[in-house]
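K.L.:
If you're matching positions, the sequence shown starts at 21 in the working numbering and goes up one per residue.
Each residue gets a CB set at the ideal place from its N, CA and C atoms; glycine is no exception.
Fair warning: this is a prediction, and the values are worked out from it, not measured in the lab.
For reference, the structure I am asking about is given below.
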Amino acid sequence: MIWKWVLIVAAGLTLAAVGCAVFYHRKFQVKQPLGVFLFRYFIGDYLIFPLKWCPGVLGIGARMAIYRMFFKRMGRHVTILEGAHFINPGQIEIGDNSGIGYECFLEATGPIRIGSWVRMGPRVSFFTTNHQFGRRDVLIKHQGYSVGTIEVGDDAWLGANVTILSNVKIGRGAVIGAGSVVTKDIPEYAIAVGNPANVVKYRE
């Protein structure tokens, strides 16, 4: 009997969530087709939740196996820690022995290419899109957005809470200090910090 009520409650919550998603799609005039929107923000998020937060070696192995099917390219021995979130993983390439830290966010509307032996701290964010906002007579949401690319060279180190914006290339062996916002290319073996990130010295 209890399972009957569990199923009824689950079905009710599911219908309510779908209704909220449809309302949001219409109210904010989302350009994605409704089916794609529902899968990405509703079904997809719920299905992927256990995988995202599975701890320990089991979680690392499961994420490597599953995301390998969705990434454009994934090298060997890639480590993806808990809470990492990917938008359009089919646009993400990552080389051998690289790691994606806790709660990192990779928005890959445009291509993201990450080299080998790249290290990331927690909550590193990649954004390949940027809203257009030049007109004042049109809502920013309705002005569209531009799409770029992000590249991170081999052996780079991205500290905690680093944000990388579109059309940026971080060179081989570069180090980006914690909390920095990268808005322009960073040369090979440079150490860059700040908002916006600027080169302060080079690795010896």
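1. Which residue comes first and which comes last in the alpha helix (DSSP H) that contains T129?
2. Between S145 and S118, is the Cβ-Cβ spacing less than 8 Å?
3. Using only alpha-carbon positions, find the residue among W73, V172 and L101 that is nearest to G191.
4. Taking V213 as part of the beta strand (DSSP E), name the residues at either end of that continuous run.
5. Where DSSP assigns a beta bridge to V219, which residues make up the other side?
6. Rounded C-beta distance between G110 and T169? I'm assuming under 8 Å.
7. Does the region 148-163 come into contact with the region 87-97, if we say contact requires no fewer than three beta-carbon pairs (one atom in each stretch) closer than 8 Å?
8. On the DSSP bridge list, what partners appear for F147?
9. From which residue to which residue does the alpha helix (DSSP H) around K24 run?
10. Within a Cβ cutoff of 7 Å, which residues of the same chain sit near F218, ignoring the five residues on either side of it in sequence?
11. I'd like to confirm the pairing. Which residues does DSSP put opposite V195 in its beta bridges?
12. To the nearest angstrom, how far is the alpha carbon of A210 from that of G81?
13. Would R83 be called buried (16 or more neighbouring beta carbons within 10 Å of its own) or exposed?
14. What residue range is occupied by the uninterrupted beta strand (DSSP E) comprising F57?
15. Please specify which runs of the alpha helix (DSSP H), each continuous and at least 4 residues long, are wholly inside the region 74-99, giving them in chain order.
16. Where V201 and V182 are concerned, what is the direct C-alpha to C-alpha distance, given to the nearest angstrom?
17. Since A180 and G214 are thought to touch, with beta carbons under 8 Å apart, how far apart are those beta carbons, to the nearest angstrom?
18. Please state the DSSP three-state secondary structure of K51.
19. Less than 8 Å between the beta carbons of R223 and G193, yes or no?
P.N.:
The short version:
1. For the purposes of this step, residue 129 is taken as residue 109 along the sequence shown, with counting starting at 1. Taken as a continuous stretch (DSSP letters only), T129 belongs to no alpha helix (DSSP H), as it is neither H nor E.
2. In the sequence shown, the residue the question calls residue 145 occupies position 125. In the sequence shown, the residue the question calls residue 118 occupies position 98. No, the Cβ-Cβ distance between S145 and S118 is not below 8 Å.
3. Numbered from 1 along the sequence shown, position 171 holds the residue referred to as residue 191. When each option's Cα is compared against that of G191, the closest is V172.
4. Counting from one through the sequence shown, the residue named residue 213 turns up at place 193. Run containing V213: A210 to V213, per the beta strand (DSSP E) assignment.
5. Sequence index remark: in the sequence shown, residue 219 carries index 199 (1-based). Its beta-bridge partners are A212.
6. Position 90 of the sequence shown, counting from 1, holds the residue named residue 110. Position 149 of the sequence shown, counting from 1, holds the residue named residue 169. About 14 Å; that fails the 8 Å criterion.
7. Not touching, per the Cβ criterion.
8. Within the sequence shown, residue 147 is the residue found at index 127, counting from 1. According to the DSSP secondary-structure assignment, F147 is paired through a beta bridge with E127.
9. Stepping through the sequence shown from its first residue, residue 24 is reached at position 4. K24 -> alpha helix (DSSP H) spans I22 to K47.
10. Translated into the one-based positions of the sequence shown, residue 218 becomes position 198. The question names Phe, but residue 218 is Asn in the sequence shown. Excluding residues within five positions, the ones whose Cβ falls inside 7 Å are A212.
11. On the sequence shown, residue 195 is found 175 positions in, with the first residue counted as 1. According to DSSP, which records beta bridges pairwise, V195 is partnered with W177 and I211.
12. Walking along the sequence shown from the start, residue 210 turns up at place 190. Walking along the sequence shown from the start, residue 81 turns up at place 61. Their Cα atoms are separated by approximately 33 Å.
13. Mapped onto the sequence shown, residue 83 falls at position 63. R83 counts as buried, since at least 16 other C-beta atoms from the protein chains shown sit within 10 angstroms of its C-beta.
14. In the sequence shown, counting from the first residue as 1, residue 57 sits at position 37. Careful: F57 lies outside any beta strand (DSSP E), inside the alpha helix (DSSP H) at L54 to L58.
15. 76-87
16. The count along the sequence shown starts at 1 and reaches residue 201 at position 181. The count along the sequence shown starts at 1 and reaches residue 182 at position 162. Whole-angstrom Cα-Cα distance: 6 Å.
17. Counted from its first residue, the sequence shown places residue 180 at position 160. Counted from its first residue, the sequence shown places residue 214 at position 194. Actually they are not in contact, since the Cβ atoms of A180 and G214 sit about 15 Å apart, beyond 8 Å.
18. Position 31 of the sequence shown, counting from 1, holds the residue named residue 51. The answer is coil: DSSP assigns K51 none of H, G, I, E or B.
19. Here residue 223 is taken as the residue at index 203 of the sequence shown, counted from 1. Here residue 193 is taken as the residue at index 173 of the sequence shown, counted from 1. It is a contact, given that the beta carbons lie within the stated cut-off.
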